[in-house]
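Novice: Residue numbers (this note's numbering): 149 to 322.
Sharing a structure with you now.
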Amino acid sequence: MPSIVVLSGNPRAASRTTLVAEHLARAVADITPAPVRTVELADAGSRVLQHGDPSVAELREVVASAALLIVATPVYKGSYTGLLKAFLDGFGPTSLQGVAAVPVVVAASPAHLAIAGEFHLRPLLHEIGAQTPLGVLAVAEALAGEASERAALVDAWVGERRHLLGALRTGALA
């Protein structure tokens, strides 16, 4: 069964970044029923940097098998985290071919919200073969921690893409 995979590049487990991405995954699963799995790169830690680590290879297999991949990162110095970059660098140019991905960024700066996902993370996902037809979800850090605000923002974003998300059922979106 096709799945929705949340890939959190935050170096802290159970972060606001992960909360946003998991809320998005559940909202999508309400429209297109699918199991949801979260991959917390914080749990892998330095093993991400060890070439050939079997547990990291297994995480990459989970990511590559997703029907929808939600790639979430806090914005550090205007871009995604080094942990996320190191993990994604383990994929070849077509490794995520056929995978629809949603870049999710959480940032304190409005300027970073406007550019980090669109100009940094989205091109990286394209470089490894993923498609991003749903665009980027950018969330202000202040809203990411507040459950009701986070829910309202994510639910509105999903609502605007409801017709596209329905295409996930047929595989026509990727």
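C-beta: ideal position from N, C-alpha, C; glycine also.
(1) Using a Cβ-Cβ cutoff of less than 7 Å, which residues in the same chain neighbour A192 once the five nearest sequence positions on both sides are dropped?
(2) Leaving out five residues on either side along the sequence, give the residues of the same chain with a beta carbon under 8 Å from the beta carbon of G230.
(3) Can you tell me whether H199 is buried or exposed? The criterion is at least 16 other CB atoms within 10 Å of its CB, across all chains shown.
(4) Return the first residue and the last residue of the alpha helix (DSSP H) that R270 is part of.
(5) Quick one: what's A288 bridged to in DSSP?
(6) Using 8 Å as the Cβ pair cut-off and three pairs as the minimum, do the segment 272-283 and the segment 293-304 touch?
(7) Opposite I152 in the DSSP bridges: which residues?
(8) If you follow the alpha helix (DSSP H) that E266 is in, where does it begin and where does it stop?
Specialist: Inspection of the coordinates gives the following:
(1) S203, V204, L207
(2) Y224
(3) exposed
(4) 270-275
(5) A255
(6) no
(7) V184, L216
(8) Run containing E266: none; DSSP gives neither H nor E here.
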